[in-house]
Amino acid sequence: MKVYLAGKITGDPNYREKFAAGVTVISPAVTPEGLKKADYMRICFAMLESADTAVFLPDWEDSPGAQLEKHWCEYVGKKMVFLMEGAE
521 MKVYLAGKIT
531 GDPNYREKFA
541 AGVTVISPAV
551 TPEGLKKADY
561 MRICFAMLES
571 ADTAVFLPDW
581 EDSPGAQLEK
591 HWCEYVGKKM
601 VFLMEGAE
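Just so you know, we're using the numbering used here here: the sequence shown kicks off at 521 and counts up by one.
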């Protein structure tokens, strides 16, 4: 199964650890640095479209980009899973 992880990256120095998972992950945490917000969103939407499921990390609501990704998932009917803080 391919999953896309959505959550806060900007301002979180530990974002790479947070985006680790035990399935095939399509992750915005591995995009190149130095791009503009619109560039990142174009890349992320392409990655999200390739995923079977979008998994939203506990802090996704703090990210304007992840909020856009959630709205896109709702619009196209993409399966979504929401992880809760402290959940294993």
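All residues carry an ideal CB built from backbone N, CA and C; glycine is no exception.
Asked                                                                                                          : Found
Contact belief for residue 522 with residue 577 at Cβ below 8 angstroms, rounded distance in angstroms         : Rounded, the Cβ-Cβ distance is 17 angstroms, inconsistent with contact.
Presumed contact (8 angstroms Cβ cut-off) between residue 574 and residue 526, rounded CB distance             : 6 angstroms
Rounded straight-line distance, which links the Cα of residue 599 to that of residue 593                       : 7 angstroms
8 angstroms Cβ cutoff met for residue 561 and residue 585                                                      : yes
Contact under 8 angstroms by Cβ, residue 589 with residue 568                                                  : yes
Identified DSSP bridge partners for residue 544                                                                : 522
Buried versus exposed call for residue 533 [16 or more other C-beta atoms within 10 Å across all chains shown] : exposed
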